[in-house]
Structure formats: C-alpha cells, structure tokens
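Structure, as structure tokens:
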Amino acid sequence: MEPQLKRSVGLSLALSLAASIAIYLLLWGLQVTHEEVNVPAGAAFSLAVWSFPVVFLVSLFFFAVKGASARKP
Numbered sequence: 000m001e002p003q004l005k006r007s008v009g010l011s012l013a014l015s016l017a018a019s020i021a022i023y024l025l026l027w028g029l030q031v032t033h034e035e036v037n038v039p040a041g042a043a044f045s046l047a048v049w050s051f052p053v054v055f056l057v058s059l060f061f062f063a064v065k066g067a068s069a070r071k072p
C-alpha cells in the first residue's frame, strides 16, 4: 500500500473512532441529564455505530482528494 493511502486510512480510522465516541457520550449524557427529551435507551449506541462507517468513508474521500491534489507536479 502506498504511504499516502496508509496515512489516509489511519487518519480516517482515528477520526471516525473519535467521532463515534463523541456521539455516544453526547447522546448518553443527554439521555441521563435531560429525561424530558425522551431519547430512547439504545439511541446512543446505534447512532455511534452507524456514524463510524459514514465518517470513515467521508473522511477517507476527503484525505484522498487532499493528498492527490498535494502530489500534482
């Protein structure tokens, strides 16, 4: 694998993992502190799981485009 591709995949994995953890913690905190919002019990985990591949693919595309434009002679 090319170094730029490895770097893009690594950054995308780190970013998507951080986003998933942040989404889980924010929704869990909203569920615990504001019961009047009626956030379902499984919403935090399911949204965190679904956000991981979405953020991964979008950021991988972004980093790949950014890396390709930097390599132009």
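Residue numbers (numbering that gives the first Met the number 0): 0 to 72.
The beta carbon of each residue, even a glycine, is placed where N, CA and C say it ideally should be.
Along the chain, where does the alpha helix (DSSP H) containing residue i start, and where does it finish?
i	result
residue 13	2-32
Taking Cβ positions, are residue i and residue j nearer each other than 8 Å?
i	j	result
residue 22	residue 50	yes
residue 26	residue 38	yes
Since residue i and residue j are thought to touch, with beta carbons under 8 Å apart, how far apart are those beta carbons, to the nearest angstrom?
i	j	result
residue 19	residue 62	The pair is not a contact, with the Cβ atoms about 18 Å apart (cut-off 8 Å).
Can you give the Cα-Cα distance for residue i and residue j, rounded to whole angstroms?
i	j	result
residue 44	residue 16	13 Å
residue 68	residue 47	31 Å
residue 53	residue 8	14 Å
residue 66	residue 55	16 Å
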